[in-house]
Amino acid sequence: MSADAENPACKDAAWRRRYPLRPFIAASAAVVRDGRVLLAARGQAPMRGIYTLPGGQVEVGETLAEAALRELHEEVGVVAEVVANLDPLEVIERDADGAVMFHFVIHPHAARWRSGEPTTGPEALDLRWVTPDEARDLPTTRGLHGVIAQALAVFGGER
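Under our numbering, the first residue of the sequence shown carries the number 154, and numbering increases by one thereafter.
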């Protein structure tokens, strides 16, 4: 048994994702409603309190779009319809010695809101429907503004 497996801290998801053997694959949903995109302030480490899209890790046997919609509903109680895949983002963070501490490949999707009002919970401290200008005033994850622009472009002038 590895030392990590014996470490009680390894039960914490954030700990298990440190120094990965391979990238973690995640999916998210840029849900558009009335020309605004839904952002969630992360409720857990890493980056607690930073605004991003609802999303999370892809589970074995589910598509990227299925993962994005599942995470959206689990985290904030919203139901949406995926209408487009957006450009993937890579998050690679290294420690002071250059070793890869985190490596995520995130596949965002443009999605149309269908039902449910966003509800905060353990994974979302705050939820906001924002315009691109409003998003610029918030602390956000790297690359989020580009994803918001792509999602809104998919919908054009649709309200």
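We put the beta carbon where it would ideally sit given N, CA and C, even for glycine.
It should be emphasised that the depicted structure is a prediction, and the values quoted were computed from it without experimental measurement.
Check: Please work out which residues of its chain come closer than 8 Å, Cβ to Cβ, to ALA233, disregarding the five sequence neighbours upstream and downstream, and give them in chain order.; Outcome: ALA182, VAL184, LEU222, LEU225, ALA264, ARG265, TRP266 and ARG267
Check: Among the residues of its own chain, which have a CB less than 8 Å from the CB of PRO241, if the five just before and after it don't count?; Outcome: VAL258, ILE259, HIS260 and PRO261
Check: In the DSSP output, which residue or residues are listed as bridge partners for HIS256?; Outcome: ILE245
Check: Note the first and the last residue of the continuous alpha helix (DSSP H) segment covering VAL229.; Outcome: 217 to 229
Check: Got a sec? Which residues, its chain only, sit under 6 Å from HIS256 by beta carbon, not counting five neighbours each side?; Outcome: PRO173, PRO176 and ILE245
Check: Helix, strand or coil, according to DSSP, for ALA182 in the structure here?; Outcome: strand
Check: Tell me, which residues are paired with THR273 by DSSP?; Outcome: Answer is none; THR273 lacks a bridge partner.
Check: Could you give the first and the last residue of the continuous alpha helix (DSSP H) run that contains GLN303?; Outcome: 297 to 308
Check: Going by Cα to Cα distance, which pick from ARG289, PRO285, PRO292 and THR294 is closest to VAL190?; Outcome: PRO285
Check: Looking only at its chain, what residues have a beta carbon closer than 6 Å to the beta carbon of ALA237, apart from the 5 residues adjacent to it on each side?; Outcome: ALA263 and VAL307
Check: Tell me where the alpha helix (DSSP H) around GLU212 begins and ends.; Outcome: Counting along the chain, GLU212 falls outside any alpha helix (DSSP H), and DSSP gives it neither H nor E.
Check: The alpha helix (DSSP H) spanning ALA288 covers which residue range?; Outcome: 285 to 289
Check: Name the two residues that bound the continuous beta strand (DSSP E) containing ARG195.; Outcome: 189 to 195
Check: Which value, in whole angstroms, describes the spacing of the CA atoms of VAL300 and LEU192?; Outcome: 12 Å
Check: CA-CA distance, ALA218 and GLY251?; Outcome: 33 Å
Check: Alpha carbon to alpha carbon, how far is VAL253 from GLY296? Give it in angstroms, no decimals.; Outcome: 19 Å
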